[in-house]
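Visitor: Protein chains in written order, with our numbering: chain A, 1 to 493; chain B, 494 to 597; chain C, 598 to 1087; chain D, 1088 to 1401.
For reference, the structure I am asking about is given below.
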Amino acid sequence: MSIAHHLPALLVVTPLAGAALTFVTERRRDPVVAVLTGLTILGLSIGLVIRVLAAGPFRYEIGSWGAPVGIDLVADGASALFVLLSAVVGLAVTVYATDYFRGSRASVCGHGMFWTLWLFMWTSLNALFLTGDIFNVYVCLELVGISAVALVTLNGGSQALRAGARYLFSSMLAAMTYLLGVAIVYSATGSLDMGILRSTLVSDPAAATGLSLMVAALLLKTALVPAHFWLPSAHGSAPSPVSAALSALVVKGSYFAILRLMISVAPPGFLPGVDIVLGVLGATAIIWGSLQALAQTRIKQLVAYSTVAQIGYLFIVFPLARAGTDVFLLALGGALFHAITHALAKSGFFLAAGSLASRFGYERIDEMAGAARSAPVLVMTLALAGVTMMGLPPSGGFAAKWMLVSAALAAGQWWWALVLVTGGLLAAAYMFRLLGVLLRDSPAALNPPSGAIRTEWVPLSLAAGAALLVLASPLVTELVNTSVLVLGQGVTP
Amino acid sequence: MNHYLVYGLGGALIFSIGVYGMLARPHLLHKVVAANLMGSGVFLILIGLGNRVQGRPDPVPQAMVLTGIVVTVALTALGLAIVKRYYTVTGLTTLDDDPPETDA
Amino acid sequence: MIAWLPVLVPAGAGIATLLLGEQRSRPRNVVNLGAAVASSAIVLLMARAAYTGGAEAASRIAIVPGFTLGVSGDLLGLLFSAVATVLWGVTLVYAIGYMEHARDRARFFGFFAWCIAAANGVALAEDPLSLFIFYEILTLTTYPLVVHSGTPEALAAGRKYLYYALGGGAALLVGMAWLAIIAGSTPFAPGGALDAVSGRTTELRVIFGLMVAGFGVKAAIMPLHGWLPGAMVAPAPVSSLLHAVAVVKAGVFGIVRLVNELYGPALSTSLGVATPLAVAAAVTIVVASVIALRQDDLKKRLAYSTVAQLSYITLGTALCTPLAAAGAVAHLAHHAVMKITMFFTAGSLAETLHVKKVSEISGVARRMPVTMASFAVAAFALAGIPPLAGFASKWLLGAGASEGGSVWALLVYVSSGALAIGYMFPILMASIRPGEFPEAAGPESDRRMMWPIVVVAALTIAFGVTAGLPGSPAHWALTAIAPSFGGWTP
Amino acid sequence: MMLVFDIILMGVIVWIALGSLSPRGVYKSVVMFVVFGLFMALGWVRLGAPDVALAEAAIGAGVTGVILLDAAGHLRQRTPGPILERHVRRGVAPLPLLASVIVFFVLALLVVNLPAEADGLAPLMTAGAEDSGIKNVVTAVLLDFRGYDTLLEIAVLMLATVAVFSLRDAPDILGRRLAGFAGPLLDSFTRIVTPFMLVIAGHLVWIGSSEPGGAFQAGAVLGAAGILLALSGFASPRWAGRRVVRLSLTMGLLVFIAIALYPLFLGGTLLQYPDETRKTLILAMETWLTLSIGASLVSLFIASASPGPDGGVA
């Protein structure tokens, strides 16, 4: 069995081993272990992408027991795409964190536990993207939840603790509801594997209720309006590398689980009306999140509410599934594209905002007047990331918005296109409000305190990645197609 | 009314009590207890419905419940640690009122 | 593959400028000027090839399923690209002089180069979607230049510019997506590319409306012109090159492509969408010219004159007759040269003598004779006095109007010509009246600002005189437009 | 006859659950919750799930109860009663009541309508367990068929420990000496009970593959013994230097990963134990797991336990 076949397993075990190692070795060597683990994961994920592109999607039977008895990992286009995404963003956050957590802040912030918690989160994300078993998704969600909460409360301030507490209780509620859904689905169908569920599910009200409960719990974890109350305070008060990872990857993790459940598991029409509800909630999230973002005075709160809005884009794909497969393939491609570009842009944005805050002490937006002169690279990153979130041309965000708008128009459901366009304009409103302040002519310090190079170039490369993703699109489109075909019919063992 | 129904319905009742506790009780410790009740409710439903088998009951729900118990204790431990730390920092035991701005 | 160079060379120069940073101005100037000369040479070479029939083939890169970004070297696109790139070189020399002791010059020249790259993209775009992408990139790269000075008025003008530009962009996005849905990929083809779907009239009318709304913002068709006068708060090189040549012309160029090479003159008239566009343009010409009369601020007056002149081009295109369409394209080049001279002069006056208002201009000619002489040449050209550039394009537009039998259009052109005299000549009269400006002791203004003004004034004369000969913008326009009217020969 | 007993048992459990959420006092509700855990253990025995009964008693009621009591004590420590009472609303909040009634109604409907006979994955699992040589099917499912779940579950437990470490106020609590109650009653109780608990833990691990038992239950008993020792101040954690505690916490996970990766070199997939060494591998893994689970549960208690004003744990 060639090494490439074991990639899914290695992708989960490597960060897990890394986490255990960082906990055992002394604190000085943790960053080195973390960066090395990150590089290995990046290599493995590139290998997985190549393997999926070459040999198509495949299942990895843990303990070679096979689906009903054992647990299978599913490596198809979508999971490979998201694993690669979390590898790229993860490595960037790790490199950035080696500077952010240097010196005094390391011991103050969670007694040096950042690295172990961070690698545990990375394990859970990879496990969540690759798993093919609905109970295993529960365990992965717990791993993500606990590591995210621990990372949010890292600096121990009253705001961080309060945000962490609210985040923990909402993820507890979500976890129990999800487990209840799994209990009902298992009791009704007798199987836990997604592929088998897909082939055996026929219109069975009990299983449908169970599945809806699971999706509802995942909505709470993805912070789709109205279940977004915990996100702004959590992402706002966490240290910036953490909030970058939360906004870019963690919300995408539970969204990916919803994608698996709604498309890979539930046959068409199995959950009547749920897709419309998701679409409407997504639309409200776009409008509501953007309006809230407009009203924010602190930069991290603005970005957090922008995440709430951008999550809404991802849910427009569900109602479009009704309009036939080719429209649905286009919409799904748009949603995956949006998830990727938003992850890159948002993590770049958070890291850049973090650098600005740590170097100049900026927290509120109006304090940052004239920053363009003293920190040109960081402001350029904010601008590039902002362009992606607005969905304007020189960015991957535009390609995603284009695919979603054309899918909506082709499906005849033009109102989604209207919402998407208004969302883009609102995003432009709050982004340019920020940029206006940054470009303002104020006697800012001409020779600014200089930070480590990596705190400038890592965010810029992320945001540039989001912008230039348009050029890498043949690869992304190919991956999306392999995933979409597979997501559409469920993986045949 | 064989006995799996008793435990199934009991589990449903305990889960709803847990939901009530989580939503109604402001005190954070009550919320932690409520979360554990919801967990126990789900476990009762899981194993209750796992007993509809001839012969020995279905082992898979039991394995799931064992994993669930360990995960719930992990969640509870983290929750209590945060609640206690929040209490030491702000002296508050609920999330309703805003804490003073004391970023440590 | 060469078709990509006019876009990539300025873009590369922009990146290099930003990387070079603020202090190293000498290497920055060298990089920018080199890029300007190189891209102008490339564009002119491609134009010569296109002239002799060997047009550069289109080259595309795939972006997303069903969406390719492609550029091609057709004559019409190359005309606008040539105008933008050549005038970029001239404006660079002017800007180096003008921005001598300004701050943030690296950011200025970087985004300046990117604007030109985007403008070249709009010019050479091979299908409506690619044109739309470069069009939106142009919006983004212009914003930092409008708000360059960072003052509250500049930020307010920038915000206003964004409301208009992004609003237009949203309308354009929906229109483009809708068109892509019903007609698939429709590269520009002389005479129109939508015959396959010409049956769906209502949808095509709505899409035409959306597209005109999108392009109309930058083409400053009233009531979408609001942002242009405000944008005059930008430094002079920006308002001269961008708000007279690159940005606004991108909007008008979009309308030229839309009417001539997407819908095609025949379909536009049969759908009945051409006449409302013509009426809107005509109204804009008259109203803008009247407002220009009352503007005391020199740059504001020039801005409203630009709004009027842009609608010359829109009106000419909307008349859907070969001569008028050719006249419109010719005016695109001629107006660029005329208006850039005037903006250069305004900038030079503001920079050297701190004169911003028309009322303060009395006696300036004695102090800055060469500059004001060039301004006079441009003013006469704008009024349409032969043998200057303005006359050539106006004659074509007039002939096209009468050829199409729309006498009212001819009337509009003539009356706006008179209005142009109305708002230009008082400036000339005031400048030669004896005023409080003494003889200039040394050179009248920074040499790097004066010589570009003379060069563009010379171009104004050259374009007018050589109107008939091949290679001149007027002839270039005629050959470029001819295929859209079924092989009509000039 | 047994049906009547079941109904009564479930009635008591539900009544205690309600009691544990009573708004009167947090301390009272924590004690009620511990009782609830014990009765739940009884319920699991009735439902033919001895493994779960053991785990519920040791972890559900035991460890959770201890950390809840500690938290309740901590919260009562600084501020007098009124803060506590102010937040306790009398009466019943209408909206949450409506939500829980709807949830109950939906769940009850589902449970009742599910078919009376459904054997799920039971036959497959029992058949599989035969040829894998592990008689206790639940342990077979936990450690062999769905071993991947358990691997991640151990990661969750260790992650929770690390998270609680990152939250503690004192920089290095592990070396701190927890002054326990020096009372004679607790001393003698500890002296008598602890040896038994260690033996029981070892026994549980050993018979885990055939009888109800296994790593979790043994780990829970070991953890309980550790907490008892810490409480009574006998074996204060000073003997556990920082490195030793961290190693003991992670050894379980590291050994599990090593054993999971081992088959990869033999051409198998992750967690595919070779047949001949299956039992020994699982046993070795279970012993290390027990040690780590015990260490985690003890650390969860010690790391978050706050020294009371009089030094002792309230």
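Idealized CB from N, CA, C, for every residue including glycine.
(1) What residue does the alpha helix (DSSP H) around D:Ala-1288 start on, and which one ends it?
(2) Sort out for me which residues DSSP pairs C:Lys-954 with in a bridge.
(3) Could you list which residues in chain C have their beta carbon closer than 9 Å to that of A:Phe-432, in chain order?
(4) Would A:Leu-16 count as contacting chain D if we go by Cβ distances under 9 Å?
(5) Measuring alpha carbon to alpha carbon, tell me which of C:Ala-714, C:Ala-768 and C:Thr-1063 ends up nearest C:Val-604.
(6) Taking the alpha-carbon positions, what's the A:Ile-134 to A:Arg-260 distance?
(7) For B:Ser-533 versus D:Gly-1147, is the C-beta distance shorter than 9 Å?
(8) Quick check on DSSP: helix, strand or coil for A:Ala-101?
(9) Is the distance from the Cβ of D:Tyr-1360 to the Cβ of D:Leu-1348 below 9 Å?
(10) Looking at the unbroken alpha helix (DSSP H) that takes in C:Tyr-740, where does it start and where does it end?
(11) Can you tell me the Cα-Cα spacing of A:Leu-278 and A:Leu-320, whole angstroms?
(12) Can you say whether A:Ser-243 is buried or exposed, counting buried as having 16 or more other CB atoms within 10 angstroms of its CB?
(13) Given a limit of 9 Å on CB to CB distance, which residues of the region 54-78 of chain A reach chain D?
(14) Looking at C:Ala-841 and C:Phe-940, is the spacing between their C-beta atoms short of 9 Å?
(15) Counting only the same chain and skipping the five closest in sequence on each side, list residues whose C-beta sits under 7 Å from that of A:Phe-120.
(16) Return the chain-ordered list of same chain residues with a C-beta closer than 7 Å to the C-beta of A:Gly-47, the five sequence neighbours on each side being excluded.
(17) In chain order, what residues of the same chain have a beta carbon less than 7 Å from the beta carbon of A:Thr-200, not counting five sequence neighbours either side?
(18) Using a Cβ-Cβ distance cut-off of 9 Å, determine whether B:His-496 contacts chain A.
(19) Have a look at C:Gly-997 and C:Ile-693 and give me their C-alpha separation to the nearest angstrom.
(20) Quick one: is C:Leu-615 near chain A, going by C-beta distance under 9 Å?
(21) According to DSSP, is A:Ser-79 part of a helix, a strand, or is it coil?
(22) Would a C-beta distance cut-off of 9 Å place A:Ala-411 and B:Tyr-579 closer than the cut-off?
(23) Give the residues from the region 554-588 of chain B that approach chain D closer than 7 Å (Cβ to any Cβ), ordered along the chain.
(24) Should A:Ser-374 be flagged as near chain D, meaning a C-beta pair shorter than 9 Å?
(25) Any idea if D:Met-1088 is buried or exposed, counting beta-carbon neighbours within 10 angstroms, 16 or more meaning buried?
(26) Whole angstroms is fine: what's the gap from D:Leu-1171's alpha carbon to A:Val-139's?
(27) From which residue to which residue does the beta strand (DSSP E) around D:Phe-1123 run?
(28) Can the beta-carbon of B:Met-515 be found less than 9 Å from the beta-carbon of A:Leu-173?
(29) Distance check for A:Gly-77 and A:Asn-481, CA to CA, integer angstroms please.
(30) Answer with buried or exposed for A:Ala-248, where buried requires no fewer than 16 other C-beta atoms within 10 angstroms of its C-beta.
(31) Could you list the residues in the region 1123-1139 of chain D with a C-beta less than 9 Å from some C-beta on chain A, going in chain order?
(32) Kindly indicate if chain A contains any beta-carbon less than 9 Å away from that of B:Ile-510.
(33) Which residue's Cα is closest to the Cα of C:Ser-908: C:Leu-868, C:Lys-991 and C:Pro-749?
(34) Give me the subset of the region 181-199 of chain A whose CB atoms are less than 8 Å from a CB atom of chain B, sorted by chain position.
(35) Determine the contact status of D:Ile-1380 and D:Ile-1189, defining contact as a CB-CB distance below 9 Å.
(36) Compute the Euclidean distance between the alpha carbons of A:Gly-354 and D:Thr-1277, then round it to the nearest angstrom.
Guide: So, to answer that:
(1) 1271-1294
(2) Per DSSP, C:Asp-894.
(3) Tyr-740, Gly-755, Arg-756, Leu-759 and Leu-763
(4) yes
(5) Closest by alpha carbon: C:Ala-714.
(6) Each residue's Cα considered, the two are about 10 Å apart.
(7) yes
(8) Going by the sequence as given, residue 101 of chain A is Phe instead of Ala. Coil at A:Phe-101, not helix or strand.
(9) no
(10) 725-743
(11) 11 Å
(12) buried
(13) Of all residues in the region 54-78 of chain A, Tyr-60, Glu-61, Ile-62, Gly-63, Ser-64, Trp-65, Pro-68, Val-69, Gly-70, Ile-71 and Leu-73 have a Cβ within less than 9 Å of some Cβ in chain D.
(14) yes
(15) Ala-19, Leu-143 and Ser-147
(16) Ala-4 and Leu-7
(17) Thr-189 and Ser-191
(18) Not closer than 9 Å to any Cβ of chain A, the Cβ of B:His-496 fails to qualify, so no.
(19) 41 Å
(20) yes
(21) helix
(22) No, they are not a contact pair.
(23) Gln-555, Ala-556, Val-558, Leu-559, Thr-560, Ile-562, Val-563, Val-564, Val-566, Ala-567, Thr-569, Ala-570, Leu-571, Leu-573, Ala-574, Ile-575, Val-576, Lys-577, Arg-578, Tyr-580, Thr-581, Gly-584, Thr-586 and Thr-587
(24) With 9 Å as the cut-off, A:Ser-374 does not count as an interface residue toward chain D.
(25) The residue is exposed, with fewer than 16 neighbouring Cβ atoms inside 10 Å.
(26) Reliability fails at D:Leu-1171, whose pLDDT of 47 lies under 50, so the model's placement of it is uncertain and no value is given.
(27) That residue, D:Phe-1123, is in no beta strand (DSSP E); its alpha helix (DSSP H) goes 1113-1133.
(28) yes
(29) 7 Å
(30) buried
(31) Listed by position, the residues of the region 1123-1139 of chain D near chain A (Cβ gap below 9 Å) amount to none.
(32) no
(33) For the residues C:Leu-868, C:Lys-991 and C:Pro-749, the minimum Cα distance to C:Ser-908 belongs to C:Lys-991.
(34) Taken in chain order, the members of the region 181-199 of chain A whose beta-carbon sits within less than 8 Å of a beta-carbon on chain B are Val-182, Ala-183, Ile-184, Tyr-186, Ser-187 and Leu-192.
(35) no
(36) In a straight line, the C-alpha of A:Gly-354 is about 52 Å away from that of D:Thr-1277.
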